[in-house]
Amino acid sequence: MDVTGRPESLTVVAAIADPISRLGVEVMLTSEGGVGSVTNVPDLSGLIAAVETKAPSALVIDTRFGQLNDRRGTTVGTEGLQAVVWVRGRYPWLPVVVIARPPTEREMFETMRLGCSAYLSRSSSEQGIVNAVIDASTCRFTFSSAMISRQIVGVTVRRQTPTQSGHVSPEVRETTLTTRELDVLGLVSRGRSNKLIANELQVSDQTVKNYVTAILRKLKVTDRTQAVVQAMRLGWIAP
Numbered sequence: 002m003d004v005t006g007r008p009e010s011l012t013v014v015a016a017i018a019d020p021i022s023r024l025g026v027e028v029m030l031t032s033e034g035g036v037g038s039v040t041n042v043p044d045l046s047g048l049i050a051a052v053e054t055k056a057p058s059a060l061v062i063d064t065r066f067g068q069l070n071d072r073r074g075t076t077v078g079t080e081g082l083q084a085v086v087w088v089r090g091r092y093p094w095l096p097v098v099v100i101a102r103p104p105t106e107r108e109m110f111e112t113m114r115l116g117c118s119a120y121l122s123r124s125s126s127e128q129g130i131v132n133a134v135i136d137a138s139t140c141r142f143t144f145s146s147a148m149i150s151r152q153i154v155g156v157t158v159r160r161q162t163p164t165q166s167g168h169v170s171p172e173v174r175e176t177t178l179t180t181r182e183l184d185v186l187g188l189v190s191r192g193r194s195n196k197l198i199a200n201e202l203q204v205s206d207q208t209v210k211n212y213v214t215a216i217l218r219k220l221k222v223t224d225r226t227q228a229v230v231q232a233m234r235l236g237w238i239a240p
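Just add 1 to the spot in the sequence shown (first one is 1) and you have my numbering.
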């Protein structure tokens, strides 16, 4: 580990549908720094072999990953996120970075629910993708705050029903929020400012700030967007 807590040399498996794009991802990850080696896989058999023999730090997979068949001959659908669903079910411990072509809000929320570490557009900057992979290896996540703000309008806040939440620490998984903190979290997820939340709940701006600070502390995150993502992983917020 280096001083940031990251492994000194990351091993990444890349499951990308298009061979040229697959090579591009390998070059990107290794040339930008932070990733020691990349194993490209063309199909599910290759993915299984790579994951089980190399114990990678993270998996990069796109939403067009090719026709999948496991060793038992089971066919896995590949439309949208079906391949990602299969991977998360088989390797729940493995950080997964999803490359979308093109990205959609619905897919992004599904990747959150599945416990993926990141959901990025293929048009994201090379350094942005590399950073997301490195962050995934240390249980941090990368999602678009703009996409969350646009889509989150119709969310419901669940009263802390436990779920299988990938890459959420046991300490956070056991966290509980007060009823009022959940109310504030729900309004934060809808993109409300502290002032608007204060008006809606009929409390002072400072009281809202105190609630937000408590929520961030309990969820072990540093900003409001991360709090929403963490709450989705815990099953407290559902689009």
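Glycine is no exception: its CB is placed at the ideal position from the N, C-alpha and C atoms.
Small disclaimer: the values here were computed from a predicted structure and weren't measured.
CB contact flag (residue i, residue j, <8 Å)
i	j	result
A228	L235	no
V61	V13	yes
D63	R107	no
P104	S122	yes
M113	V230	yes
S58	L115	no
Y92	V36	no
Cα-Cα separation between residue i and residue j, rounded to whole angstroms
i	j	result
A133	E182	29 Å
A56	K221	27 Å
G47	L24	15 Å
S22	S138	22 Å
P96	I130	14 Å
R194	Q207	It is worth fixing the name first, because residue 194 is Ser in this sequence and not Arg. Cα to Cα, the separation comes out at about 12 Å.
T226	L186	10 Å
A232	F110	12 Å
C140	Y120	14 Å
D184	I135	33 Å
F261	V39	The question about residue 261 has no answer here: the residues shown for the chain are numbered 2 through 240.
S205	A199	6 Å
L82	D224	27 Å
K210	T31	42 Å
L202	K219	21 Å
T54	L188	45 Å
L45	G90	14 Å
Q128	V98	14 Å
N41	A18	10 Å
L197	W94	39 Å
For residue i, the residue or residues it bridges with in DSSP
i	result
D302	Coverage of the chain is limited to positions 2 through 240, which leaves residue 302 absent and any answer about it impossible.
T208	Answer is none; T208 lacks a bridge partner.
L11	V36
N195	For N195, which the question treats as bridged, DSSP gives no partner whatsoever.
T143	A119
N41	A15
Closest by C-alpha distance to residue i, when choosing among the options
i	options	result
E33	V98, S126, L45	S126
T179	V213, T54, A51	V213
F66	V52, V88, S58	V88
I100	S145, Y92, R225, D184	S145
M29	T223, R193, S124, L82	S124
P20	S38, T31, V36, P43	P43
I49	E27, A16, F110, G187	A16
T176	A215, V52, I135, T208	A215
W237	S190, D224, V98	S190
Minimum Cβ-Cβ distance from residue i to chain B less than 8 Å
i	result
T143	Among the protein chains of the structure shown there is no chain B, as only one such chain exists.
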